[in-house]
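**Student:** Just so we're aligned, residue 162 is where the sequence shown starts under our numbering, counting upward by one.
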Amino acid sequence: MTMKYRRLGKTGRKVSVIGIGTWQFGGEWGKSFSQDEVNRILGRGKELGINLIDTAECYGDHLSERLIGGYLKQDRREDWFVATKFGHQFHSHLTRTDRYSASDVLEQLDASLKALQTDYIDLYQFHSGSNEAFDNDELWTMLDKQVQAGKIRHLGTSIGKNDNLYQTEQSSRVHSEVIQVIYNRLDRKPEDKVFPSCIEQHLGVLARVPLASGYLSGKYKPGAVFAANDVRHNHDKEAALDKLKQVEEIRLNEVPQGMDMAQWALAWSLKHDAVTSVIPGCKSVEQVESNAAAAQWVGEGHPQAWEEA
Ligand SMILES: NC(=O)c1ccc[n+]([C@@H]2O[C@H](COP(=O)([O-])OP(=O)(O)OC[C@H]3O[C@@H](n4cnc5c(N)ncnc54)[C@H](OP(=O)(O)O)[C@@H]3O)[C@@H](O)[C@H]2O)c1
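As structure tokens, then:
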């Protein structure tokens, strides 16, 4: 089984098509994580060729970053492409407040570097903020300076709504080189406008929520109930029911017999020409193994396929 790699748009960086999403490490998905568990998940991911981690300032109060930092300090930092985000202060389970001013973000950057136990972040992403928060020249000028200082390698934008064409189109102007966006078999909205703009600007694309929060794994039946400390407990019940009914149809009509549906769903998102990598959230060694194995279903000939120089 071999991992596949792509060029992350104009960053020119080599990233595995399967990444590791780590909102889960912050403890809002029905379980908390020990350093040892995180070490085993990331270590196994690395053995399987994964080099891309996505985290954020508000997955716990820099908690997910701290667990990743605990792993990175005993590994070779340069083997990993670490993406994190800015713009919120975590307070308690699913409760955050906005912090997008230049001075607040500078403070968060230093807190993220400290938590990650590193002196640079590969990709620093504007985290699902409003267009008003985005339209702040002081913020982007400050970030440019941090790039020049070497604390940040590349800037990116994680768009909150997956049809936010405004922030996507503004990417080149603010020197943001990557879009992170919800894209999966149940939600294809970016195909209309966001992806064409990404292709035109030569942006890298990280497809988040590629398993539709786990619903697309096929293991949940309509009416599934989640623990109170699992973010899915708060999902709109009607919408979740509708998604799980669609998943049953898709499984019957589109997923080859005997194929693991989560792997199928990841490979599905990776087919689009705009998409560089998927970043499925991961809770166990078994899941990182299964997700890495999805690379075997990813076809050749993608426009961003990595070719050794
Ligand atoms: N605004 C933003 O920028 C933003 C927002 C959301 C997410 N993200 C990022 O995107 C990442 C991915 O999104 P997400 O975690 O929300 O949703 P997701 O990747 O669609 O779903 C993750 C969930 O699917 C289940 N799963 C994972 N691998 C599986 C496998 N092989 N087989 C079966 N089930 C599996 C796990 O939950 P169970 O096992 O409990 O079902 C896991 O918690 C996040 O971790 C985060 O890094 C960013």
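Where is the CB? At the ideal position from N, CA and C, for every residue including glycine.
What did DSSP end up calling Asn297 once you bin it into helix, strand or coil?
**Tutor:** Along the sequence shown, one-based indexing puts residue 297 at 136. Correct three-state label for Asn297: coil.
**Student:** Report the residue from Thr216, Gln235, Lys234 whose alpha carbon sits nearest the alpha carbon of Glu226.
**Tutor:** Taking the sequence shown and counting its residues from 1, one reaches residue 226 at position 65. Per the Cα distances, Thr216.
**Student:** Can you check whether the CB of Ile214 is closer than 8 Å to the CB of Thr183?
**Tutor:** Within the sequence shown, the letter at position 22 stands for residue 183. Within the sequence shown, the letter at position 53 stands for residue 214. Yes, Cβ-Cβ distance for Thr183 and Ile214 is below 8 Å.
**Student:** Looking at Ile340 and Val370, is the spacing between their C-beta atoms short of 8 Å?
**Tutor:** Translated into positions along the sequence shown, residue 370 becomes position 209. Translated into positions along the sequence shown, residue 340 becomes position 179. No, they are not a contact pair.
**Student:** According to DSSP, His249 sits in a beta bridge with which residue or residues?
**Tutor:** Indexing the sequence shown from 1 puts residue 249 at position 88. For His249, which the question treats as bridged, DSSP gives the partners Asp259.
**Student:** Taking His394 as the reference, give the member of Ile179, Ala426, Arg237, Gly191 with the closest Cα.
**Tutor:** Numbered from 1 along the sequence shown, position 233 holds the residue referred to as residue 394. It is Gly191.
**Student:** In chain order, what are the residue ranges of uninterrupted alpha helix (DSSP H) at least 4 long that sit wholly in the stretch 369 to 425?
**Tutor:** DSSP runs (the alpha helix (DSSP H)) wholly in the stretch 369 to 425: 398 to 414.
**Student:** Please classify Ile282: does DSSP put it in a helix, a strand, or coil?
**Tutor:** Mapped onto the sequence shown, residue 282 falls at position 121. Reduced to three states, the DSSP call for Ile282 is strand.
**Student:** Would you say Ala263 and Gly230 are within 8 Å of each other, going by their C-beta atoms?
**Tutor:** Here residue 263 refers to the residue found at position 102 when the sequence shown is read from its first residue. Here residue 230 refers to the residue found at position 69 when the sequence shown is read from its first residue. Result no, Cβ atoms of Ala263 and Gly230 do not sit closer than 8 Å.
**Student:** Using 8 Å as the threshold, is the C-beta distance between Leu233 and Thr163 below it?
**Tutor:** Taking the sequence shown and counting its residues from 1, one reaches residue 233 at position 72. Taking the sequence shown and counting its residues from 1, one reaches residue 163 at position 2. No. Outside cutoff.
**Student:** Output yes or no for whether 8 Å exceeds the beta carbon distance between Thr318 and Cys359.
**Tutor:** For this step, residue 318 is matched to residue 157 along the sequence shown. For this step, residue 359 is matched to residue 198 along the sequence shown. No. Outside cutoff.
**Student:** Tell me, please, which residues DSSP counts as bridged to Asn345.
**Tutor:** For this step, residue 345 is matched to residue 184 along the sequence shown. Its beta-bridge partners are Asp348.
**Student:** Quick check: is any heavy atom of ligand 1 less than 7 Å from the C-beta of Cys443?
**Tutor:** For the purposes of this step, residue 443 is identified with residue 282 of the sequence shown, where counting begins at 1. Yes - ligand 1 has a heavy atom lying nearer than 7 Å to the Cβ of Cys443.
**Student:** Is Lys432 helix, strand or coil by DSSP?
**Tutor:** Sequence index remark: in the sequence shown, residue 432 carries index 271 (1-based). Residue state, collapsed to three classes: coil.
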